[in-house]
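Input: a single structure, listed below in structure tokens.
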Amino acid sequence: MNIIVCIKQVPDTTNIRIDPETNTLVRSGVQSIINPFDMYAIEEAVRLKEKFGGLVTIVTMGPPQAEEALREAISLGADEAVLISDRAFAGSDTWATSYTLSRAIQKIGKFDIIICGKQAIDGDTAQVGPGIAAFLDIPQITFVKKIEDIKDSLMRADRMTEEGYDIIESPLPCLITVVKEINEPRLPSLKGKMKAKKIEIKKLEAKDLDADPDSLGLKGSPTKVVKIFTPPPRKGGQILEGEAKEVSGKLVELLKGEICL
Amino acid sequence: MDYLLTEEQVMIRDIARQIAQEKIKPVAAKYDAEGIFPWDIVKIMAASDLCGIYIEEKYGGTGGGAMELVLATEELSKACGGISLAFAATALGTFPIILFGTEEQKNKYLPDIAKGKKLAAFGLTEAGAGSDAGAIATTADKKGDHYILNGTKQWITNGGEAEVYTVIASTDRSKGARGAAAFIVEKGTKGFEFGKKEDKMGIRASATRELVFTDCKIPKENLLAKEGMGFIVAMKTFDQSRPGVAAQAVGIAQGALDLTVQYMKERKQFGKSISSFQGLQFMLADMATEIEASRALVYACARMLDSGNTKISKDSAMAKLFASDVAMKVTTDCVQLFGGYGYMRDYPIEKYMRDAKITQIYEGTNQIQRSIIANHLIKESAAK
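Residue numbers (our numbering), protein chains in the order written: chain L, 4 to 264; chain G, 21 to 404.
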């Protein structure tokens, strides 16, 4: 069973600061980590490999330093790693990112399952996983909290919903995104770390992909960020005191004035 | 201080640190209070390849030695001196096999220990034979292809939890220490039972029990080295394992100091953090310096062992003596710096003081260590 896991390197949000002048993340001095939800994706892939055999390939799109995230994934039990990195990818939104990742996955070759974390903790869009499935034209199961079974090229998985969960069956190959309930990621092993140190990371640039240049990077991104701002702090509410009968009329008057009942 | 560790040693330290901080720290207080043996943590250590870091590659380990053992023990002990013992006491029980085992014995026992499938333990101490190890009363009588063991070992770390026990017993009591021999005994052997689990002051997540042998029949292939060499096996094992106890002491002391510095920054009296008071700052400085000195001594000793130097008894004793005395002093001062809160079980610091005490007592009391050091000094002087 060949599994591809898409991961993202993100700033460690436990000690993040926003520059009050520019309203952007202060990235200097902030440690980068593997997106926490992707840790569950890596663990699930390694468990599937341990059960069914095969290879786990980790893929990330990012700047050259994203290689650290790939090496960490290797120390956790993955077999191969691919870094998709090119200046042409800069400024990609979720559409362009999904497109680029899907082209890279086509280049990597045959796979049975693609696993992504449900979302990244920096952008919080949860769009890239489903986007990849769409571009590759394969089925997807999002928010998977348990893989019940994989048999005869069919996966049965539990998709978490707000009320409970759905049991969904999908033919392979398919893409799943996972939630933190799916497993408890292991810590790195010594042999894994030694392998991570030595492993050669495969690198893919724009020219290596069969991709439409106009669909890459900022040019290929329909999302336009018009303005970023911190919402002003909420002002304190107004408290009406007195008997219910007395104040209710006043309240109605106020509401009429404020939000035009 | 930079100890010029190899890349692999840094990896081992980092893995042990991550296990300690992420997995051990959250359960340390509970396991201490309830005396829970840390099998869940042992499984994590095994999955991270920590259990075989002092065992040769051909027996399933990763080929390190004493230095790797002390690095891991120190990091694990920062979070809990009791939980780290499941790991460190296994090394103690395994060293007799590493040092004196035949190829068959090594092939039979080391791979499972290296993979963390089995724990080991070492049994020397008895009710009437502690510091005076030559006074052991457990006997091993040779009957044909077997030895018959009778007697009781006391306060055995990992007792009942370990699968593999190296036990010192006498094949000839009339010869005293020269009549002792070392044996490998597997859990489950008929006539091998465990006594009560001891209720201890500290290291409460570690299991300490009696090993009771009643006409326990073991094959003669389980003899380590030769008859009469039991005492040498024990002493050589301790030379090897004392830096491990010393590393446990360094870890306990460092763990306590780390908590104390953090607490002192937060605790306010007279309108400011107590870390701003010079009298208390001096205490911190002294503790940090003494811990670093112990660490340097322990690492130097571990490296000496790994270089193959066998004249290690004096240095090994010095490391154990110094590091454990420092751990006791540091943890006592850390409780002092926490003040009234430090005396309360709601705060984690009193546990470090309870855990530190044993490091001055076991694997040879610190008085025995001083005797070893002094005897070497006198012998060296006579040889000049």
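All residues carry an ideal CB built from backbone N, CA and C; glycine is no exception.
Around the beta carbon of L:Asn18, fewer than 16 other beta carbons sit within 10 angstroms, so the residue counts as exposed. Beta-bridge pairing by DSSP links G:Phe142 to G:Thr186. DSSP places L:Ser173 in the uninterrupted beta strand (DSSP E) bounded by 168 to 174. For a Cβ distance threshold of 7 Å, nothing in chain G lies close to L:Pro188: the least Cβ distance comes to about 11 Å. For a Cβ distance threshold of 8 Å, residue set Leu190, Pro191 of chain L lies close to G:Gln38, ordered along the chain. Judged by DSSP in its simplified three-state form, G:Ser226 adopts coil rather than helix or strand. Under the DSSP definition of a beta bridge, G:Glu213 partners with G:Val232.
Rounded to whole angstroms, the gap between the alpha carbons of G:Ser327 and G:Thr385 is 27 Å.
Just measuring C-alpha positions, the residue of G:Asp161, G:Gly362, G:Met338, G:Cys354 sitting nearest G:His396 is G:Met338. Along the region 287 to 300 of chain G, none of the residues has a CB nearer than 7 Å to a CB of chain L. Shortest Cα-Cα distance from L:Asp169 to any of L:Leu175, L:Pro176, L:Ala160, L:Cys177 involves L:Ala160. Around G:Glu28, the beta-carbon contacts reaching into chain L at under 8 Å are Leu193, Met197. Inside the region 354 to 390 of chain G, DSSP marks whole alpha helix (DSSP H) runs of 4 or more residues at positions 369 to 379, from first to last along the chain.
Apart from sequence neighbours up to five positions away, no residue of its chain approaches G:Glu28 with a beta-carbon distance below 6 Å.
One Cα belongs to G:Ile378, the other to G:Lys340, and the distance between them is close to 12 Å.
The C-beta of G:Ile398 has fewer than 16 other C-beta atoms within 10 Å across all chains shown, which makes the residue exposed. Taking a beta-carbon distance threshold of 8 Å, G:Ile35 counts as an interface residue toward chain L. The continuous stretches of alpha helix (DSSP H) do not include L:Leu219, and DSSP gives it neither H nor E. Around the Cβ of L:Gln122, a 10 Å sphere holds 16 or more other Cβ atoms; the residue is buried. In chain order, Lys135, Gly136, Lys137 place their CB closer than 8 Å to the CB of G:Ala66, counting only its own chain and leaving out the 5 sequence neighbours on each side. With distances taken between CA atoms, L:Pro133 lies nearest to L:Phe146 out of L:Asp125, L:Gly126, L:Phe146, L:Gln12. For G:Asn329, the three-state secondary structure derived from DSSP is coil. G:Ala308 has a beta carbon lying at 8 Å or more from every beta carbon in chain L. Counting the other Cβ atoms within 10 Å of the Cβ of L:Pro191 gives 16 or more, which makes it buried. For the region 134 to 163 of chain L, the set of residues with a beta-carbon nearer than 7 Å to any beta-carbon of chain G is empty. Sixteen is the threshold: when 16 or more other Cβ atoms of the shown chains lie within 10 Å of the Cβ of G:Val355, as they do, the residue is buried. In this structure the region 201 to 221 of chain L does not lie against the region 49 to 67 of chain G, because fewer than three pairs of beta carbons, one per stretch, are closer than 8 Å. Residue range 83 to 87 is occupied by the beta strand (DSSP E) that includes L:Ala84.
Using beta-carbon distances, G:Ile392 does not count as an interface residue toward chain L, since no partner is under 8 Å. Looking at G:Gln41, G:Tyr129, G:Ser190, the one whose alpha-carbon comes closest to that of G:Ala254 is G:Ser190.
In the DSSP assignment, L:Ser35 falls within the beta strand (DSSP E) that extends over 35 to 37.
About 20 Å separates the CB atoms of G:Leu244 and G:Ala86; that is not less than 8 Å, and the two are not in contact. In the structure shown, G:Thr309 adopts helical secondary structure according to DSSP, grouped into three states. Of the residues G:Lys285, G:Leu279, G:Lys237, the one whose Cα lies closest to the Cα of G:Met373 is G:Leu279. Counting every other CB atom within 10 Å of its CB across the protein chains shown gives G:Tyr363 a total below 16, marking it as exposed.
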